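Protein chains in written order, with the working numbering: chain A, 1 to 574; chain B, 1001 to 1114.
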């Protein structure tokens, strides 16, 4: 029924049930005179039958009737009405308290006593109709709420699937990984991500966002996508941590952050590199003697510090094959039993002390915590992960590239690149070259430095070499402007010349070098005069080379000064 | 306590206002119904069927009060209470009093219709 019909007092259908003809006749007439439609019944059975058929809005029911009395009829009518409020008004000359109580117990909403009073009846109908309106509004809103709730649950289920696919994926199914995630709410504020780097290392991150449920889980999405994006491309742990910290700091509201431990597993060197920001100390379980090395937090959680003050320095630990590394969220340590007591570090350590088979320790810890909680209530997300040191070949992972299986192999290549005179004005070779270089996983973390080096060498070759511009012009602000207007002019008219760029790349397990040689068609310069004062070069024109000398192992000029060779070197520390 | 009027004519006039053309029919129906009820009451009384007597006078009481037959309604109420309390010794007398009152108001109502 819609709201308009609800408020229209004259549109009501009213059932009058009375076995006394005169009483019924009087009531029918009064009700009809008030503008309502009347349906009548002579006994309780008829009243119920007519109610089913006609669905009246209000029922006026005599208490004592043959066949089925008013009390039972009222019960059946209320049952049939279900959610809808159908006011039942008992017509009665009963006066004793017990009888009136019986009327109410049977579901009656009010009484109308004989002799009937037209004014009172009218007022009662009006009042009950108003109540019916309120009731229907409430039922409609209740149904809407239920519907919204249902939709919310459906949406959450879908979102959770997306979330789980993003946040708990990667190589968590590797044979050396075991993990357990138990969330307090639909969404988990804890996140576990693991991926294999191009060099065959496994990178694992366990994070615990402040709070739990959806608000805590939402931060896991950017964390996970940054993690997978960067690890698979070969970025170092410190680069990945910096990027995640920066992202979380930017997007999370104040007070929301992520305690995390990140570990880079080098299976070949049997070494791990650990960064712990705010999570309880993890443990290295040395299988040989059953001893434990704690890996404690020495940093602030991710998403707290601004980019500049963030520290990504890590600790290194040497492991043996079969050693196990454990990480957990504080849900383990802070699990409470029914007395409100916390599980704590000591109980955890005891479990390791009494362990007899390293394979079982993961289950023993989970069982220990579960038994401890007993009938107590879980009040935080609870996560734990175990990673076993092993050789890469034993991990049963799909191999993405050759380097993962043969990380010790040396990689060497050369590349020659020439920019032709027609393109000096319009073509910028830098993004192109940088893309090529950062295809090498080892170089990915250095794209900023490589860009600086390339940009300086190329602009020197083009402007001082090919175009023959005098760098000393730039020493004064006026000269600076003149320099660039001349540059523009020359670029418009140039028809011959070249810039050659050569890369020689060489890397192995320990690190590598990238040699960049840039040769131009210009006149060169007296580089002998520079020797000995490389780092002291000042002024607008000299700034670039000084910077390159800081970034590179060596910088050397050749020939008449139109050839420069720089060597960029790095060491693999993980 | 004052002796009640036989008929409250305010009630009867109000009914006439509400019922309009159906008023005569209402009165005729009441008179016919009442004859039937009295016949039934005599039978229940002969059978000493207290429960049915109580029900019948209860219903009769309501119908009388709706038509302004105050004294008759009150006599019904008295009998209803007596039966309820188990005093069924003078049923025949009580019914006689009710019948007498009915014949009085029947005549008054028929006069009112004219």
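Even for Gly, the Cβ is constructed at its ideal location relative to N, Cα and C.
Note that the coordinates shown come from a computational prediction; the quantities given were computed from them, not determined experimentally.
When you compare only the Cα positions, how much space is there between residue i and residue j?
i: residue 414 of chain A; j: residue 502 of chain A; result: 7 Å
i: residue 294 of chain A; j: residue 554 of chain A; result: 42 Å
i: residue 470 of chain A; j: residue 451 of chain A; result: 24 Å
i: residue 1106 of chain B; j: residue 57 of chain A; result: 37 Å
i: residue 31 of chain A; j: residue 1084 of chain B; result: 34 Å
i: residue 118 of chain A; j: residue 214 of chain A; result: 60 Å
i: residue 210 of chain A; j: residue 304 of chain A; result: 12 Å
i: residue 38 of chain A; j: residue 11 of chain A; result: 11 Å
i: residue 130 of chain A; j: residue 1066 of chain B; result: 28 Å
i: residue 62 of chain A; j: residue 84 of chain A; result: 22 Å
i: residue 445 of chain A; j: residue 573 of chain A; result: 13 Å
i: residue 257 of chain A; j: residue 315 of chain A; result: 22 Å
i: residue 1093 of chain B; j: residue 101 of chain A; result: 34 Å
i: residue 378 of chain A; j: residue 182 of chain A; result: 9 Å
i: residue 179 of chain A; j: residue 388 of chain A; result: 12 Å
i: residue 479 of chain A; j: residue 468 of chain A; result: 15 Å
i: residue 1038 of chain B; j: residue 26 of chain A; result: 21 Å
i: residue 507 of chain A; j: residue 441 of chain A; result: 11 Å
i: residue 1058 of chain B; j: residue 132 of chain A; result: 32 Å
i: residue 339 of chain A; j: residue 351 of chain A; result: 21 Å
i: residue 98 of chain A; j: residue 67 of chain A; result: 22 Å
i: residue 287 of chain A; j: residue 253 of chain A; result: 43 Å
i: residue 422 of chain A; j: residue 464 of chain A; result: 18 Å
i: residue 550 of chain A; j: residue 449 of chain A; result: 10 Å
i: residue 327 of chain A; j: residue 368 of chain A; result: 16 Å
i: residue 562 of chain A; j: residue 499 of chain A; result: 10 Å
i: residue 1113 of chain B; j: residue 1024 of chain B; result: 7 Å
On a CA-only basis, which of the options is nearest residue i? Give me that one, please.
i: residue 373 of chain A; options: A:555, A:362 and A:336; result: A:336
i: residue 345 of chain A; options: A:339, A:338, A:329 and A:356; result: A:329
i: residue 240 of chain A; options: A:518, A:547, A:483 and A:263; result: A:263
i: residue 519 of chain A; options: A:497, A:507, A:508 and A:306; result: A:497
i: residue 581 of chain A; options: A:343, A:159, A:347 and A:322; result: As displayed, chain A neither begins before 1 nor continues past 574, which places residue 581 of chain A out of reach and without an answer.
i: residue 512 of chain A; options: A:157, A:570, A:527 and A:461; result: A:570
i: residue 365 of chain A; options: A:382, A:376 and A:375; result: A:382
i: residue 188 of chain A; options: A:204, A:208 and A:251; result: A:208
i: residue 165 of chain A; options: A:151, A:192 and A:313; result: A:192
i: residue 371 of chain A; options: A:359, A:357 and A:332; result: A:332
i: residue 248 of chain A; options: A:139, A:122 and A:226; result: A:226
Residue i by DSSP, collapsed to three states: which one?
i: residue 1106 of chain B; result: helix
i: residue 555 of chain A; result: strand
i: residue 143 of chain A; result: helix
i: residue 1072 of chain B; result: helix
i: residue 568 of chain A; result: strand
i: residue 33 of chain A; result: helix
i: residue 1029 of chain B; result: helix
i: residue 221 of chain A; result: helix
i: residue 375 of chain A; result: coil
i: residue 441 of chain A; result: helix
i: residue 316 of chain A; result: strand
i: residue 182 of chain A; result: strand
i: residue 259 of chain A; result: strand
i: residue 65 of chain A; result: coil
i: residue 354 of chain A; result: coil
i: residue 575 of chain A; result: Past the edges of chain A, shown from 1 to 574, lies residue 575 of chain A, and the structure says nothing about it.
i: residue 51 of chain A; result: helix
Got a sec, what are the start and stop residues for the alpha helix (DSSP H) residue i sits in?
i: residue 482 of chain A; result: 477-493
i: residue 90 of chain A; result: Note, residue 90 of chain A: premise wrong, no alpha helix (DSSP H); beta strand (DSSP E) at 88-92.
i: residue 1010 of chain B; result: 1009-1019
i: residue 237 of chain A; result: 237-251
i: residue 415 of chain A; result: Residue 415 of chain A -> not in any alpha helix (DSSP H); beta strand (DSSP E) instead, spanning 411-419.
i: residue 1066 of chain B; result: 1050-1066
i: residue 449 of chain A; result: 447-459
i: residue 72 of chain A; result: 70-81
i: residue 331 of chain A; result: 330-333
How would you write the range of the beta strand (DSSP E) that residue i sits in, first residue to last?
i: residue 503 of chain A; result: 499-508
i: residue 383 of chain A; result: 382-388
i: residue 431 of chain A; result: Element bounds for residue 431 of chain A: not the beta strand (DSSP E) but the alpha helix (DSSP H), 429-437.
i: residue 190 of chain A; result: 190-196
i: residue 515 of chain A; result: 511-520
Pull up the CB-CB distance for residue i and residue j, whole angstroms please, since I reckon it's below 8 Å.
i: residue 167 of chain A; j: residue 224 of chain A; result: 5 Å
i: residue 1102 of chain B; j: residue 1072 of chain B; result: 6 Å
i: residue 1006 of chain B; j: residue 1104 of chain B; result: 6 Å
i: residue 106 of chain A; j: residue 71 of chain A; result: 4 Å
i: residue 564 of chain A; j: residue 552 of chain A; result: Actually they do not touch by this definition, with Cβ atoms about 11 Å apart.
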